[in-house]
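Let me begin by presenting the structure, written as structure tokens, before commenting on it.
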Amino acid sequence: MIQHFEAEIYQTGINWCVDVPPTVTSQMKPEKGYIHISGKINGFAFRKTLVPVKNAPYRLFVNYLMMKGGATALGRVASFSIEQVEKERETVPDMHPQLEAALEQEELTAEFYALTAARKRDVIKYLYKVKAEETMRKNIRTLIAQLRNGEKNVRIPMNAYPIDPT
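Numbering (this note's numbering) for the sequence shown: 2 to 167.
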């Protein structure tokens, strides 16, 4: 449901923002405190997130593109129309066939699926980019060894995130 309101754009720190009236946000359902929205500022479309503020209404940060597109400026009152949208979830790509076979053979499938979605996604995406067969086997062996040791912070290749000596 589209909600309409007018608010003055003000500066907090280095950011421009508006306070969204509680009458508008009370009809929306926060996800981990935040409310994902799409809307318009003086007719200019945008997608943003309403940010909770302790003991204050939700805040909508206004960037330069929104100000320019909405033909408004700091200190001026702008007309907003917003509606809540579902945040698009990142999905984990399909399991790499060689990794799937190795996990089943070593009976480590459950351990792999216990990793965070981001970790699984990174591992699978990396394996799909590997071209050399020997590199693929080496990385899968490394991953299997890490899972067998009960590591939760698995990564391949092991030097994917080198430590800066300085």
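Using N, Cα and C, we set each Cβ at its ideal position, and we do this for glycine too.
Count Cβ pairs between the stretch 100 to 120 and the stretch 68 to 87 that sit closer than 8 angstroms; are there 3 or more?
The stretch 100 to 120 is not in contact with the stretch 68 to 87.
Given a threshold of 16 other Cβ atoms within 10 Å of its Cβ, counted over all protein chains shown, does LYS41 qualify as buried or as exposed?
Buried, by the Cβ-count rule.
What's the call for TYR59, buried or exposed, on a 16-neighbour Cβ count within 10 Å?
buried
With distance defined between alpha-carbon atoms, name the residue in VAL86, VAL19, TYR65, ALA57 nearest to GLU32.
VAL86
Since I believe GLU134 is in contact with MET2 (beta carbons under 8 angstroms), could you give me their beta-carbon distance rounded to a whole number of angstroms?
Their Cβ separation, rounded to whole angstroms, is 55 angstroms, which puts MET2 and GLU134 out of contact at 8 angstroms.
Using CA atoms only, rank isn't needed, just tell me which of ALA46, LEU61, ASN56 is closest to ASP20.
Of the listed residues, the one whose Cα sits closest to ASP20 is LEU61.
Under a three-way DSSP split, which group does ALA146 fall into?
Note: ALA146 maps to helix in three-state DSSP.
Do PRO98 and LYS126 have their CB atoms nearer than 8 angstroms?
Pairing PRO98 with LYS126 gives a Cβ-Cβ distance that is not under 8 angstroms.
Assuming LYS88 and HIS37 form a contact by the criterion Cβ under 8 angstroms, report the distance between their Cβ atoms to the nearest whole angstrom.
LYS88 to HIS37, Cβ: 5 angstroms. Contact.
Sorted by chain position, which residues of the same chain lie with C-beta nearer than 6 angstroms to VAL25's C-beta, five sequence neighbours on each side aside?
Counting only residues of its own chain and dropping the five nearest sequence neighbours on each side, VAL25 has a CB closer than 6 angstroms to the CB of GLN4, PHE6.
With C-beta atoms as the reference, is LEU51 less than 8 angstroms away from TYR65?
no
Nearest-angstrom Cα distance between TYR162 and THR136?
Residue placement at TYR162 is poorly supported in this model, since its pLDDT is 48, which falls under 50; the coordinates still yield a value, given next. Whole-angstrom Cα-Cα distance: 17 angstroms.
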